[in-house]
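Q: Those sequence lines, one after another, are chains A and E. For the first sequence, counting from 1, position 187 maps to 239 in my numbering; every step adds exactly one. For the second sequence, counting from 1, position 246 maps to 298 in my numbering; every step adds exactly one. For every residue, glycine included, the Cβ atom is placed at its ideal position computed from N, Cα and C. Please read through the structure below; I'll follow up with questions.
Protein chains: 2
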Amino acid sequence: MSQSPLQLGSITGVRVGCAAGGFAAAGRDDFAMFAFANPTASAAVFTTNQFCAAPVIVAKEHLHKSAGLSRAWIINSGKANCGTGAAGEATARASCAAAAAALGCKPEQVLPFSTGVVMETIDSAKLCRATKQAAAAAQPEGWPDAAAAIMTTDTRPKGACATSPCGRFKINGIAKGAGMIHPRMATMLAFIATDAPASPGQLAEMLQPAVATTFNQISVDGDTSTNDAVMLGATGAGSLTDADAGSLADAVHGVCAALAGAILADGEGCTRTAAVSVAGFGSDDNCRLIAEAVACSPLVKTMLNAGDPNLGRLLMAIGKAGVTLQQEAVTISIGGQLAFANGQRVADFSEQQARELFAVENVAIDITGGGDEGNYCCRFTDLSAEYVRINGQYRS
Amino acid sequence: MSQSPLQLGSITGVRVGCAAGGFAAAGRDDFAMFAFANPTASAAVFTTNQFCAAPVIVAKEHLHKSAGLSRAWIINSGKANCGTGAAGEATARASCAAAAAALGCKPEQVLPFSTGVVMETIDSAKLCRATKQAAAAAQPEGWPDAAAAIMTTDTRPKGACATSPCGRFKINGIAKGAGMIHPRMATMLAFIATDAPASPGQLAEMLQPAVATTFNQISVDGDTSTNDAVMLGATGAGSLTDADAGSLADAVHGVCAALAGAILADGEGCTRTAAVSVAGFGSDDNCRLIAEAVACSPLVKTMLNAGDPNLGRLLMAIGKAGVTLQQEAVTISIGGQLAFANGQRVADFSEQQARELFAVENVAIDITGGGDEGNYCCRFTDLSAEYVRINGQYRS
């Protein structure tokens with residue numbers, strides 16, 4: 053992952069502004085606004101966590117009330133505004149009203165987002181002040197600053213962009229996220245916008261499968277945020293012919309994949325990643341259960357951290373997933389080399405070979421169950437002492 | 053947990069012997085045998101892991117074939133004999149035959165157990181030699197040596213004993229286990245024997261509920277071993293009147309509880325434990341899902357490690373369990389002090405108070421959902437940098 057500044061350029065119809073509101077560390081930008089010149093078609097995927105935050109509740113309501121046509125998305129980092137009761141919801145609504153006043157639109161055309169420490173209240177006056185400042189500062193080239201403003205434990209800003217093959221539209225995306233990431237749920241925060249024309253319904257049809265195979269197939273720690281959201285907007289300033297209708301969906305998927313990869317690579321304390329691909333356990337769902345058991349197992353993740361090919365831990369994780377299997381039918385390959393088959397370690401798969409296959413940045417683990425049906429893959433980080441340190445000291 | 057040598061005494065009808073077989077570190081005892089003077093009523097709870105080890109397969113078969121009447125239980129540490137194919141199963145069977153020859157019984161009256169590194173083969177000749185040596189060394193007072201011989205990453209041997217109130221029977225138990233422990237499954241290895249009279253069926257009826265509320269309600273890392281087993285035997289050398297029939301079940305539960313507590317306290321890298329009690333989410337099963345989401349969350353466990361009362365992580369874990377809830381109806385108490393209610397932090401629950409309630413060896417976390425139905429509790433360890441170190445270097 054390059055550490056160089058993000059090069060994102062602009063999307064016609066979108067201005068981006070930041071402000072230092074005092075929610076995260078003093079002095080740094082911790083607030084961002086996406087301001088749309090016109091009501092802009094929007095689609096969203098939100099967290100499935102039952103303790104969803106106040107801004108998630110308000111964003112869902114506003115997306116519905118505005119018929120998927122947004123004038124602004126506003127985001128603060130530092131505090132999640134979750135577990136903050138009626139006061140927290142009032143704060144989220146007040147910030148939408150402040151944005152609406154600044155932009156000359158209705159409050160329900162503004163969608164709020166927060167990320168940071170859960171169960172701490174946000175000062176409503178501060179949030180409204182930051183909203184006004186960000187609106188005043190908004191400009192077309194503001195994407196990289198916003199990518200930095202929404203960071204929490206991220207060590208670097210994350211962005212991706214693409215231009216359609218025909219040059220008719222552009223697409224930009226930024227994301228934050230480094231921990232509390234699990235394949236079964238949405239993701240951390242991501243904001244994507246294109247100048248292509250599309251309806252809210254068309255965007256939703258593109259976004260859901262793109263999220264399913266990108267943000268939903270990465271795991272850092274198996275935990276799921278209370279504040280996750282992925283937003284996709286289309287200003288319609290560019291054009292899209294019938295001939296390249298599919299290319300917008302491809303571009304959305306490509307940007308989601310790049311952002312998901314950046315989140316994984318910046319996983320808290322991450323020193324090594326793995327991609328686990330599971331097939332032939334009777335159904336996609338069975339394969340998913342096994343892939344997630346592997347991806348979330350602390351013993352597999354510490355093995356990955358140490359670069360120690362203690363392959364029996366993969367058997368343990370496969371076996372604990374609750375999927376009925378025939379031990380003799382299961383195969384495990386590491387880096388494309390068959391390591392386990394016929395119920396036992398492959399005789400010519402040496403310890404030395406195993407160590408070499410683990411001494412890479414991204415370890416490929418392929419697991420088959422002997423059946424014809426079912427496929428699932430996901431990517432995950434190792435578990436390091438640094439992860440423990442980061443999360444023990446998160447608030448200090 | 054006391055570091056003093058275990059004081060277990062003897063159980064009439066049981067001899068215990070150890071041997072150094074060269075499966076774990078050179079020179080140390082890594083094999084133990086429980087030899088019963090007569091066919092002894094036995095009951096078992098085994099792992100639910102689909103990749104169960106060869107000895108688990110053989111032990112289940114032998115328990116059935118012998119109608120629950122054992123002459124010996126044999127255990128090696130160092131290697132788990134799991135993922136070892138037909139050769140591994142043959143090795144487990146050969147060790148039973150060796151024990152049967154040494155004790156003058158049938159092979160199906162011998163139950164084998166292994167614990168250690170998965171997917172490494174055990175030398176069958178070495179295992180048979182250790183079996184014979186342990187049979188020759190067996191003596192009534194051998195329980196503490198066996199508790200040491202079955203250890204893997206345990207830092208101390210674990211044992212518990214009890215005498216019935218009336219003095220009519222005794223009960224002894226030993227266990228090993230420090231990681232790969234999860235409430236949804238069996239446990240690590242535990243071997244319990246009493247001189248009370250009981251049938252295999254009566255023992256099974258006592259053992260299952262005892263395991264459910266002890267070994268099955270502790271979690272170190274959410275992983276589940278391929279080799280877990282809890283054994284309970286009754287030699288019948290003592291006596292049991294109708295008046296104290298219930299006291300045997302109580303004693304079994306008490307020994308299981310003491311051993312489960314010892315396993316938790318010796319959890320890999322453990323510096324602090326917590327007990328989470330969940331009630332009022334509509335059903336016991338819903339409460340279990342929430343308790344396990346809390347107990348297995350890396351973010352909750354790192355918070356516990358740091359002694360940092362970042363209580364929002366409890367909301368996150370409660371919300372990700374997949375149980376529908378009303379945020380306003382949920383309460384969280386720490387150390388008996390109400391910390392969260394009505395959808396927000398309780399105003400007079402101060403940060404200082406929270407820090408003090410976390411600065412204890414065992415943190416009590418009580419969660420209620422506002423309903424009348426449902427109860428579940430479990431205990432779990434923190435996640436430390438030391439856990440990562442232990443499990444990265446387990447084989448070296």
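Mind listing which residues of the stretch 135-147 of chain E have their C-beta closer than 8 Å to chain A's C-betas, in chain order?
A: 135, 136, 137, 138, 139, 140
Q: Does the beta carbon of residue 431 of chain E come closer than 9 Å to any beta carbon on chain A?
A: Not closer than 9 Å to any Cβ of chain A, the Cβ of residue 431 of chain E fails to qualify, so no.
Q: Should residue 224 of chain E and residue 204 of chain E be called a contact, given that it needs their Cβ atoms to be closer than 9 Å?
A: no
Q: Can you tell me where the beta strand (DSSP E) with residue 131 of chain A in it begins and where it stops?
A: 121-131
Q: If you reduce the DSSP assignment to three classes, tell me which class residue 430 of chain E lands in.
A: Look at residue 430 of chain E here: in three-state DSSP terms it is strand.
Q: Starting from residue 222 of chain A, follow the beta strand (DSSP E) in both directions and report where the run begins and ends.
A: 222-227
Q: Check whether the Cβ of residue 277 of chain A lies closer than 9 Å to any Cβ atom in chain E.
A: yes
Q: Measure the beta-carbon distance from residue 331 of chain E to residue 427 of chain E and round it to whole angstroms, keeping in mind my assumption that it falls under 8 Å.
A: At roughly 5 Å, the Cβ-Cβ gap stays under 8 Å, so residue 331 of chain E and residue 427 of chain E are in contact.
Q: Along the chain, where does the alpha helix (DSSP H) that runs through residue 219 of chain A open and close?
A: Segment: none, residue 219 of chain A is in no alpha helix (DSSP H) and carries neither H nor E.
Q: Of all the options E:108, E:104, E:105, E:89, which has the alpha carbon lying nearest to the alpha carbon of residue 124 of chain E?
A: E:89
Q: Could you please tell me which residues of the stretch 161-175 of chain E, in chain order, have their CB closer than 9 Å to any CB of chain A?
A: 169, 170, 171, 172, 173
Q: Quick check: the Cα distance between residue 360 of chain A and residue 356 of chain E, rounded to an integer number of angstroms?
A: One Cα belongs to residue 360 of chain A, the other to residue 356 of chain E, and the distance between them is close to 27 Å.
Q: Going by the beta-carbon positions, is the gap between residue 228 of chain E and residue 242 of chain E smaller than 9 Å?
A: yes
Q: Take every Cβ of the stretch 79-88 of chain A, pair it with every Cβ of the stretch 175-193 of chain A, and state whether three or more of those distances are shorter than 8 Å.
A: yes
Q: Would you decide whether residue 349 of chain A is buried or exposed? Buried here means 16 or more other CB atoms lie within 10 Å of its CB.
A: buried
Q: So what does residue 386 of chain A bridge to, in DSSP terms?
A: A:389, A:417
Q: For residue 435 of chain E, decide whether its Cβ has a neighbour in chain A, counting only Cβ atoms nearer than 9 Å.
A: yes
Q: With C-beta atoms as the reference, is residue 45 of chain E less than 9 Å away from residue 311 of chain E?
A: Any answer about residue 45 of chain E is impossible in this case: the structure gives chain E only from 53 up to 448.
Q: For the putative contact between residue 370 of chain E and residue 347 of chain E, defined by C-beta atoms under 8 Å, what is the C-beta separation to the nearest angstrom?
A: Incorrect: roughly 12 Å between the Cβ atoms, too far for contact.
Q: Which residues, in order along the stretch 381-401 of chain E, keep a beta-carbon less than 7 Å from a beta-carbon of chain A?
A: 392, 394, 395, 396, 397
Q: Quick check on the DSSP output: the beta strand (DSSP E) that includes residue 91 of chain A runs from which residue to which?
A: 83-98 is the span of the beta strand (DSSP E), which, as asked, contains residue 91 of chain A.
Q: Cβ atoms of residue 376 of chain E and residue 108 of chain E: under 9 Å apart, would you say?
A: no
Q: Which chain A residues sit within Cβ distance under 8 Å of residue 101 of chain E?
A: 368, 371, 372
Q: Give the straight-line distance between the Cα atoms of residue 216 of chain E and residue 269 of chain E, rounded to the nearest whole angstrom.
A: 25 Å
Q: What's the gap between the Cα of residue 441 of chain A and the Cα of residue 323 of chain E?
A: C-alpha separation (whole angstroms): 14 Å.
Q: Just the Cα atoms here: how many angstroms apart are residue 385 of chain A and residue 320 of chain A?
A: 27 Å
Q: Which residues share a DSSP beta bridge with residue 210 of chain E?
A: E:227
Q: Among residues of its own chain, excluding the 5 on either side of residue 251 of chain E, which ones have a beta-carbon nearer than 7 Å to its beta-carbon?
A: 93
Q: Considering only residues of the same chain and omitting the five flanking positions on each side of residue 67 of chain A, which have a CB-CB separation below 6 Å?
A: Same-chain partners within the cutoff: 87, 190, 191, 192.
Q: On the three-state DSSP scale, how would you describe residue 185 of chain A?
A: helix
Q: Answer yes or no: does any C-beta atom of chain E fall closer than 9 Å to that of residue 192 of chain A?
A: no
Q: What first and last residue would you give for the alpha helix (DSSP H) that runs through residue 410 of chain A?
A: Taken as a continuous stretch (DSSP letters only), the alpha helix (DSSP H) holding residue 410 of chain A covers 403-410.
Q: Does the beta-carbon of residue 59 of chain A have 16 or more other beta-carbons within 10 angstroms, so that it is buried, or is it exposed?
A: Here residue 59 of chain A is exposed. Its C-beta has fewer than 16 other C-beta atoms within 10 Å.
Q: Note down, in chain order, all residues in the stretch 342-365 of chain A with a beta-carbon under 8 Å from any beta-carbon belonging to chain E.
A: 348, 349, 350, 351, 354, 355, 357, 358, 360, 362, 363, 364, 365
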